[in-house]
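Peer 1: My questions all concern the structure below.
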Amino acid sequence: MKQALEQALQSAVDTLLQDGPDTVADAKKIVVKLSRPKMKEHGDYAANVAMALAGMLKKNPRQVAELLLQTVQWPAAVESCDIAGPGFINIRLQGACEAEALKHILAQGEDFGCIAVSDASEKVCLEFVSANPTGPMHVGHGRGAVVGDALGRLLSTRGMKVHREYYINDAGSQIGVLANSVWLRMQELQGESITFPEAAYPGEYIIEIARELLKKRNYSELLALSDDERSLWVGEQSVAANMVMIGADLAAMNIQFDHYFSEKALHESGKVQSLIQHLKDEGTVYLGTLPPPKGKEVKDYKPVEQFLFRTTDFGDDVDRPLAKQDGTATYFAADIAYHVDKFERGFDRLIDIWGADHGGYVTRVQASMKALVQREAQPDVLLVQMVNLTRDGKPVRMSKRAGTFVTLREVVDEVGADAVRFNFMTRRVESQFDFDLEEAKEKSHENPVYYVQYAHARVAAILRKAKEEGIVLQAVEDVDVSPLVSDEEQALVAQLLAYPEMLDTAATRLEAYRVATYVMKLAANFHSFYHKNRVVTDDIVLTQARLLLARAVKQVIFNALTVLGVSAPDKM
RNA sequence: GCGCCUGUAGCUCAGUUGGAUAGAGCAACGGACUUCUAAUCCGUAGGCCGCAGGUUCGAAUCCUGCCAGGCGCACCA
């Protein structure tokens, strides 16, 4: 319907410009786009072309609108149109003509809103979470997890093949710290007195891991090993234990990955070294010294000669070191090798979801890919802003040492996966927001997720009631939708039909939160409709029409919640 | 100092990439269950859209400059 109206208006614009002078070349590029006015007095659709054209044609906008309306040939469904305000063209449709489209929604069911886009065959590699395997996930990781998972589901509705990947940072000095922490706890458990250094991981979970490892291997046997051998074994085992824990936490939120990619394995494959060698051969790496960082007090700064990657040639601020003082590869070197590897595995598009603290990394990775991969496709990086945990409005210091560290799992267990997921999805990733633990717990019944789920359950209740009353649902195509004329019904119909378009914008802009705001609004409109109109009545035709509408609402809520990874219960 | 993100009701956030009278939830106040689910609905109240300029028919939205908050800034990951 919308397209038909746009076409009609477009051809009117074309004929208008045809007659006019040729000096208005710019005007010919104008594409007619209709919008849904906020107020119903402004009709079902509104166009602002007249105002856009007015400037170019040097005419009064209302005058332009009038000229357009003289030539336009509307489809039959248009009841009236008029010129309003500064020059809007407001279009009003006949009664319930849009309601016919409800039938498509039910015919398509779970597929309603899903459209295979032109680049549907794209293989997308979606990297998210990638929390360090040195401890439990915190709430910030949870936000990234939820956002990533929902984005994956969203892109799947476009027909894209989405591969979910978790990059395990199981290499480098932090694993040594982890191994050391666990080993100290193991010694402690064996009755030895230890001093626990500042740099070690203090968490309770370290003791748990230590206890498990002592079951796996004899203490005396471990003592007999060399320090390096022991550190290697304890480190590997500890990483594995943490990944089991992280995997379980993710599963508690119904999040699964296709692949856990090991940084350590990447190093062992030799890909990092060969990448560095390749860059040296190419001449994009040179031996140089970086200036001291500005604005930050660095006590032990010493100018060091390093192998530097000329990322400045590709838009970066400074060149980036690929090798440390001791000659081993930096994290950055591994990271670009990892991204190159993704392209080599045949992905057409890379999407990374990182925490805001990795913001400084975006330009250098993108610059590197520009230098290394001969294609336009750059990794899209979503920076998820921090979550501020509060309790009763007061900030919760996320200190592992002070015992105020709140894990994601604790929050999920306390609040529930659906509530956590939905909550994280109601905000743009760019906005950092406060998550109040007490509020989430105590007021969980006023959480927006229940508001939406309740609307879904309500429709289910209506359908149960209809069944009880012995009403047999009419075949969808036979339902007479003409009784659906009230404001609430019209609003619902319009909103349901807007679902595919909303989903498409959300997918194009990688903004899954739009689905959440959409479905909240839909639930609100349904609740409002529910209170003003009774669905199951003695009027059989009206009942069948409203049942059709209610079922369509249920279907769209279900589809939207599915994209968000939130359940849609029939009973609450 | 530089880079990225943010600033909208008392609080937490939306605002369909420039449209008509800026919207929800929570908190406050007043109403609505003999009915298909009151986890809901209806109403009242609440605004210098951080500040100041600029761009145009039109700005919360775009451009510039300030102010405030968050994150980051070699040899960690």
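Quick note: the first sequence uses the numbering used here, first residue 1278, plus one each step. In this text, a Cβ means the ideal position worked out from N, Cα and C, and glycines have one as well. All values derive from a computational prediction rather than experimental measurement.
1) Assuming V1661 contacts R1420 under a Cβ cut-off of 8 Å, what Cβ separation, rounded to an integer in Å, is found between them?
2) Indicate the three-state DSSP secondary structure (helix, strand or coil) for V1521 in the structure shown.
3) Can you tell which of D1695, A1353 and R1828 has its C-alpha closest to the C-alpha of A1717?
4) Of the choices E1465, F1538 and L1428, whose alpha-carbon is the least far from that of E1442?
5) Roughly how many angstroms separate the alpha carbons of S1546 and T1434, rounded to a whole number?
6) For E1442, list the residues DSSP reports as bridge partners.
7) Evaluate the contact criterion for the stretch 1476 to 1483 versus the stretch 1452 to 1463: three or more CB pairs, one atom per stretch, below 8 Å.
8) Which first and last residues belong to the beta strand (DSSP E) in which Q1583 is found?
9) My guess is that V1812 and R1823 are in contact by the Cβ rule of under 8 Å, so how many angstroms apart are they, rounded?
10) Consult DSSP for C1374 and reduce its assignment to one of helix, strand or coil.
11) N1702: buried (16+ other C-beta within 10 angstroms of its C-beta) or exposed?
12) Whole angstroms is fine: what's the gap from G1429's alpha carbon to T1785's?
13) Rounded to the nearest angstrom, what separates L1461 and Y1615 at their Cα positions?
14) Using only alpha-carbon positions, find the residue among Q1554, F1586 and P1570 that is nearest to L1564.
15) Would the stretch 1784 to 1803 and the stretch 1343 to 1358 be scored as touching if the rule is three or more Cβ pairs under 8 Å?
16) Is it the case that the Cβ atoms of D1447 and E1540 are separated by a distance below 7 Å?
17) DSSP three-state label for R1741, please.
18) Under a three-way DSSP split, which group does P1598 fall into?
19) Flag this pair as yes or no: are the beta carbons of I1366 and A1331 separated by less than 7 Å?
20) Taking contact to mean 3 or more Cβ pairs, one atom from each stretch, closer than 8 Å, check whether the stretch 1585 to 1600 and the stretch 1370 to 1382 are in contact.
21) Have a look at A1611 and G1693 and give me their C-alpha separation to the nearest angstrom.
22) Out of Q1533, F1584 and Y1578, point me to the one whose CA is closest to D1558's CA.
23) Give me the DSSP bridge partner(s) of W1631.
24) Just tell me which of V1394, D1426, M1849 and A1837 has its CA closest to the CA of G1386.
25) From R1626 to S1398, what does the alpha carbon distance come to, in whole angstroms?
26) Give the DSSP-derived three-state secondary structure of L1334 in the structure shown.
27) Could you tell me how far apart the beta carbons of H1418 and L1685 are, in whole angstroms, since I believe they sit closer than 8 Å?
28) Tell me the residue span of the alpha helix (DSSP H) that contains G1362.
29) I'd like to check one pair, V1459 with A1501: are the Cβ atoms closer than 7 Å?
30) With three or more beta-carbon pairs closer than 8 Å as the criterion, would you say the stretch 1769 to 1786 touches the stretch 1726 to 1737?
31) Quick one: what's got a C-beta closer than 7 Å to R1698's C-beta in the same chain, skipping five residues either side?
32) Starting from the Cα of M1849, find the closest Cα among N1810, D1755 and Y1728 and give me that residue.
33) Looking at V1706: is its Cβ nearer than 7 Å to the Cβ of L1659?
34) If T1851 sits next to A1644, beta carbons under 8 Å apart, how far is it from one beta carbon to the other, in whole angstroms?
35) I'd like to know whether the C-beta atoms of V1401 and V1439 end up nearer to each other than 7 Å.
36) For N1325, write down the residues that DSSP places opposite it in a beta bridge.
Peer 2: Walking through what the data contain:
1) 5 Å
2) helix
3) D1695
4) F1538
5) 35 Å
6) E1404 and H1536
7) yes
8) E1582 to F1586
9) 4 Å
10) helix
11) According to the sequence displayed, residue 1702 carries Met and not Asn. Under this definition M1702 is a buried residue.
12) 12 Å
13) 33 Å
14) F1586
15) no
16) yes
17) helix
18) strand
19) no
20) no
21) 37 Å
22) F1584
23) L1660
24) A1837
25) 11 Å
26) helix
27) 6 Å
28) Counting along the chain, G1362 falls outside any alpha helix (DSSP H), and DSSP gives it neither H nor E.
29) no
30) no
31) V1423, M1530, L1841, G1842 and V1843
32) Y1728
33) yes
34) Past the boundaries of the shown model lies residue 1851; the chain is included only from 1278 to 1849, so the question cannot be answered.
35) yes
36) Partner(s): none; N1325 has no beta bridge.
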